[in-house]
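Residue numbers (mature numbering (1 follows the signal peptide of the UniProt record, and there is no 0)): -21 to -1, 1 to 275.
For each residue, glycine too, the CB sits at the ideal point set by N, CA and C.
Working notes for the structure below.
Structure representation (structure tokens):
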């Protein structure tokens, strides 16, 4: 009987010991899980802390970009205007540089406008492309869109390039306004500059241009429409010096603020790089039309 009692007690003790061992193992396992959770939480907190400076940096970068955009807006405020009498470019405040020239290209697009636009872009120079409407009835309207998308100003040179003084007031208005409508339909905006064919304005055409929110301008000199200068080398010399001795201009017309007339022509497109470099070598800055005061 005693042996049976001792056997029962031994079994009870054995079961109790096993239970304690199991409990210790469970506790150790739980403690391990808790440590892992703590480590994971610490790691996440560290990663969060690490990302926070990056987010702050991104916010700071965005703020700097916003400031730069605002500064850019400030720098595009008009600092020049077109003299109504001479068509030259003059500063309106101390930010303007007196020694500038304005490049303008008439009769565009007529086969060479895109090449000229690429030349200007490569040399970081600006210009106004004065457009005729009759060209826009062909595939050249795609060229106009490309030139505009490259950032160049588009001007109104009338729809059919007719002498305005020979037209009735009704026809003059049609020549100007219908072209603005056509240009707007292609590039999404109306021109801000107007140049009459052959520089022959009328009081009525000037008023229509003003009503349309455009600045009227002629030019101070240009030579590429004279036969002696339908040659790239001769044209370059004439445009850079301002002299055209073969058309009775033996003196220089190159002055600060000069408004230079060129055309969408093969010889002009060929001469354009040297014209730009030659003018810059003389200390002239190519003015950006975006910095010229407009009517709007």
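- Annotation for residue 179: 142, 143, 144 place their beta carbon closer than 7 Å to its own, counting only its chain and skipping 5 residues before and after.
- The alpha carbon of residue 78 has as its nearest neighbour, out of 272, 267, 273, the alpha carbon of 267.
- If you check the CB distance, residue 138 and residue 169 do not come in under 9 Å.
- The closest CA to that of residue 211, considering only 260, 235, 242, 195, is found on 242.
- The count of Cβ pairs closer than 8 Å, one atom from the region 119 to 134 and one from the region 148 to 157, stays below three, leaving the stretches out of contact.
- Taking the Cα of residue 80 as reference, the smallest distance to any Cα among 102, 262, 236, 92 is reached at 236.
- Following the DSSP letters along the chain, one finds residue 107 in no alpha helix (DSSP H) but inside the beta strand (DSSP E) bounded by residues 107 to 110.
- Linking residue 273 to residue 172 through their CA atoms gives a straight-line distance of about 8 Å.
- Secondary structure within the region 74 to 133: the alpha helix (DSSP H) runs of 4 or more consecutive residues, fully enclosed, are 92 to 101, 119 to 128 (chain order).
- With a cut-off of 8 Å on Cβ pairs, the region 183 to 190 is not in contact with the region 123 to 132, counting fewer than three such pairs.
- Membership of residue 61 in the beta strand (DSSP E) is indicated by the continuous run 59 to 61.
- Between residue 246 and residue 209, the beta carbon gap of about 5 Å places them in contact (Cβ cut-off 8 Å).
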